[in-house]
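Counting in the numbering used here, the sequence shown runs from 581 upward without gaps.
Built from N, CA and C at the ideal position, the CB exists for glycine as well.
The block underneath contains the structure these notes are about, expressed in structure tokens.
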Amino acid sequence: YQSQFLLYEELSYIMNFGDIGGVENCLSHWIFIFRATGKHNYATHIMCFLSNVHFVYPTRLKKAIRYNILVNPSGKRGRARTVDWCVELNNLYTKDEHGGSNLNRTVDRIIKESPLVQTYRSTKTTIEKNFQLSHLTIMHANPNMT
């Protein structure tokens, strides 16, 4: 189990730092693990994705895909995230925090406010910092590993 744990740790680390080549290298090892555990769909889709990116797609499309797999919304070192993670986080804020409640919780309201979610979040963070609130509600503190 230690080799799988180390492979997971390596994948987690290189994803945080946005190393796409390292991610692709690790994913090729995960194909065998997924096959061995009966997760054939995962293995097949990863293998198909990697072969398409490296051998099928034209050069400009390859570059676009590889440059947009991971994003760093905070701009801080070691904080890269997958695009779908960012989309799901925005969906969460759109539906739960800014989607309204009771009678005003409608699809129209959610669609109307969804482009403003990031603005709401940054405004909330600015207010918290300006009032020196110690219990910031958007960003959690870094874990204390000592």
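Inset, instruction - Would you decide whether Val603 is buried or exposed? Buried here means 16 or more other CB atoms lie within 10 Å of its CB. - result: Buried is the call here.
Inset, instruction - Could you tell me the distance, in whole angstroms, from the CA atom of Phe635 to the CA atom of Phe612? - result: Taking C-alpha positions only, Phe635 is separated from Phe612 by approximately 20 Å.
Inset, instruction - Determine the extent of the alpha helix (DSSP H) in which Ile691 is found, giving its start and end residues. - result: Taken as a continuous stretch (DSSP letters only), the alpha helix (DSSP H) holding Ile691 covers 687-693.
Legend entry - Whole-Å CB distance - Leu650 paired with Ala660, under 8 Å assumed: At roughly 4 Å, the Cβ-Cβ gap stays under 8 Å, so Leu650 and Ala660 are in contact.
Inset, instruction - Take the Cβ of Ala552 as the centre, count every other Cβ of all protein chains shown within 10 Å, and call the residue buried at 16 or more, exposed below. - result: Outside the modelled stretch of the chain, which goes from 581 to 726, sits residue 552, for which no answer is possible.
Legend entry - The alpha helix (DSSP H) enclosing His634, as first and last residue numbers: That residue, His634, is in no alpha helix (DSSP H); it is neither H nor E in DSSP.
Inset, instruction - Give, in chain order, every unbroken run of the alpha helix (DSSP H) that is at least 4 residues long and sits entirely within the segment 597-622. - result: Here the runs fully enclosed are 600-616.
Legend entry - Arg661, DSSP secondary structure in three states: DSSP, read as helix, strand or coil, puts Arg661 in strand.
Legend entry - CB of His620 within 9 Å of CB of Phe629, strictly: No. Outside cutoff.
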